[in-house]
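**Student:** Encoded as structure tokens, here's the structure I'll be asking about.
2 protein chains.
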Amino acid sequence: MQYYIFTMGATKTEHYTDLQNKLAVLAKALGHPARIAILDYLLKVETCICGDIVNELPLAQPTISQHLKELKNANLIKGSVEGNAICYCINEDALNLLQNYFMMISEKTKNKKSNCC
Amino acid sequence: MQYYIFTMGATKTEHYTDLQNKLAVLAKALGHPARIAILDYLLKVETCICGDIVNELPLAQPTISQHLKELKNANLIKGSVEGNAICYCINEDALNLLQNYFMMISEKTKNKKSNCC
DNA sequence: ATATAATATTGCAATATTACGATATTTATT
DNA sequence: AATAAATATCGTAATATTGCAATATTATAT
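First to last, the sequence lines map onto chains S and U.
Sequential numbering from 1205 applies to the first sequence in this note's numbering.
Sequential numbering from 1205 applies to the second sequence in this note's numbering.
Quick look at the structure:
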């Protein structure tokens, strides 16, 4: 059994709530256009695809692999061995967490039109 | 008139769509628990507050100022001079963009329960 | 067993991020 | 004009990120 310690660099994660840290990890993982593009691609093909992403994006294979790793670490995608290849797909749970968060924000700000600035 | 050139480091932004880049910028700005906490605080107080954030979070004033700048650059918050102080508030437009994106994803994945991994 | 295909890891250079002390700027008050 | 209060900027150390070539790993097929 091995423990993975998630750090955010110099970030003082211990001062924030679990939800705040979790949302930040998810957002950080999406904070790169290549990773958004990977998500978009996974949505488009509607079924698990792996090495096609390398053909789809203008990045070298090691770079794609790295981005996939980050998405997987953040729990945004899942990967499973499929014979020779690895099959990746979207993890709805993580995306639902994000959706709920922004939905909540939308609800809260619905009736207030920039009431201060 | 001044032009601001938004870069993402070594990131090859020119290969992605405008929406992908925009979402990545927004996500990146939210990719730190302090900035999620700032957003949460702005939602809670429901009205524009500024220096209170320094008292609310366990970070030094220059650090808060830096985080606010990043949120403002990403268009997630707005700031306006209010006498002595600067009043910050949430920019619903940017958050709605995020909400719409994750809503779209939820719709697309609604009926599919991890159908591959 | 070897070769091939798919993916991951390593190593590295260039750049970005985080955090904060020191200092500057801006506005209000006296 | 001088002071105080609020915020921003500068400079800097420690660390993380991005991208890729080279290489390693893993699994299938011959």
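A virtual CB, placed ideally from N, CA and C, is assigned to each residue, including glycine.
From a predicted model like this one, the values you see are computed outputs, not experimental measurements.
Give me the Cα-Cα distance between Phe1210 (chain S) and Gly1287 (chain U), rounded to the nearest whole angstrom.
**Tutor:** As a working mapping, residue 1210 (chain S) is identified with position 6 in the first sequence. As a working mapping, residue 1287 (chain U) is identified with position 83 in the second sequence. Confidence at Phe1210 (chain S) is low in this model, with a pLDDT of 40, below 50, so its placement is unreliable and the value that follows should be read with caution. Those two C-alpha atoms are separated by around 42 Å.
**Student:** With H, G and I counted as helix, E and B as strand and the rest as coil, what does DSSP make of Lys1155 (chain S)?
**Tutor:** Nothing about residue 1155 (chain S) can be reported from this structure: the residues present for chain S run from 1205 to 1321 only.
**Student:** What residues match up with Ile1290 (chain U) in a beta bridge as DSSP calls it?
**Tutor:** For the purposes of this step, residue 1290 (chain U) is identified with residue 86 of the second sequence, where counting begins at 1. Paired residues: U:Val1285.
**Student:** Using DSSP bridges, identify the partner residues of Ile1253 (chain U).
**Tutor:** Stepping through the second sequence from its first residue, residue 1253 (chain U) is reached at position 49. Ile1253 (chain U) is bridged to U:Tyr1292.
**Student:** Along the region 1235 to 1266 of chain U, what residues have a CB closer than 8 Å to any CB found in chain S?
**Tutor:** Result list: Gly1235, His1236, Pro1237, Ala1238, Arg1239, Ile1240, Ala1241, Leu1243, Asp1244, Leu1247, Glu1250, Thr1251, Cys1252, Leu1261, Pro1262 and Leu1263.
**Student:** Closest to Leu1301 (chain U) by C-alpha separation, out of U:Gly1283, U:Lys1226, U:Glu1218 and U:Tyr1220, would be which residue?
**Tutor:** As a position in the second sequence, residue 1301 (chain U) is number 97, starting the count at 1. The shortest Cα separation from Leu1301 (chain U) among U:Gly1283, U:Lys1226, U:Glu1218 and U:Tyr1220 belongs to U:Lys1226.
**Student:** Measuring only between beta-carbons, confirm whether Leu1280 (chain U) sits less than 8 Å from chain S.
**Tutor:** Locating residue 1280 (chain U) in the second sequence gives position 76, counting from the first residue. No, because no Cβ of chain S sits closer than 8 Å to the Cβ of Leu1280 (chain U).
**Student:** Does Asn1277 (chain S) have its Cβ less than 8 Å from a Cβ in chain U?
**Tutor:** The sequence position of residue 1277 (chain S) within the first sequence is 73, counting from 1. It does not; no Cβ of chain U falls within 8 Å.
**Student:** Count the other CB atoms within 10 Å of the CB of Glu1182 (chain U); is the residue buried (16 or more) or exposed (fewer)?
**Tutor:** This structure does not reach residue 1182 (chain U), given that chain U is present from 1205 up to 1321, and the question cannot be answered.
**Student:** Can you pull the chain U neighbours of Leu1272 (chain S), defined as C-beta to C-beta under 9 Å?
**Tutor:** What you label residue 1272 (chain S) is simply residue 68 of the first sequence in a count that begins at 1. The premise fails here: Leu1272 (chain S) is roughly 13 Å from chain U at the closest Cβ pair, so nothing lies under 9 Å.
**Student:** Could you tell me which chain S residues have their CB closer than 8 Å to the CB of Ala1385 (chain U), listed as they occur along the chain?
**Tutor:** Outside the modelled stretch of chain U, which goes from 1205 to 1321, sits residue 1385 (chain U), for which no answer is possible.
**Student:** Anything in the region 1293 to 1317 of chain S with a Cβ closer than 8 Å to a Cβ of chain U? List those residues in chain order, please.
**Tutor:** Within the region 1293 to 1317 of chain S, the residues whose Cβ lies closer than 8 Å to some Cβ of chain U are Cys1293, Ile1294, Asn1295, Glu1296, Leu1299, Asn1300, Leu1302, Gln1303, Phe1306, Met1307, Ile1309, Ser1310, Lys1312, Thr1313, Lys1316 and Lys1317, listed in chain order.
**Student:** In three-state DSSP terms, what is Ala1264 (chain U)?
**Tutor:** Here residue 1264 (chain U) refers to the residue found at position 60 when the second sequence is read from its first residue. The answer is coil: DSSP assigns Ala1264 (chain U) none of H, G, I, E or B.
**Student:** Which of the three DSSP states is assigned to Thr1313 (chain U) in this structure?
**Tutor:** Numbered from 1 along the second sequence, position 109 holds the residue referred to as residue 1313 (chain U). DSSP places Thr1313 (chain U) in helix when its eight states are reduced to three.
**Student:** Using only the heavy atoms of the ligand ADP, determine whether one of them is closer than 7 Å to the beta carbon of Gln1265 (chain U).
**Tutor:** As for the ligand ADP, it is missing from this structure, which has no ligand bound.
**Student:** Terminal residues of the continuous alpha helix (DSSP H) containing Leu1230 (chain U)?
**Tutor:** Stepping through the second sequence from its first residue, residue 1230 (chain U) is reached at position 26. That run of the alpha helix (DSSP H) goes Asp1222 to Ala1233.
**Student:** Mind checking Met1205 (chain S): buried by the 16 CB within 10 Å criterion, or exposed?
**Tutor:** For the purposes of this step, residue 1205 (chain S) is taken as residue 1 along the first sequence, with counting starting at 1. For Met1205 (chain S), the predicted structure reports a pLDDT of 21, less than 50, and the residue's modelled location is therefore unreliable. A value from the coordinates is still provided. Classification of Met1205 (chain S): exposed, given that the 10 Å Cβ count is below 16.
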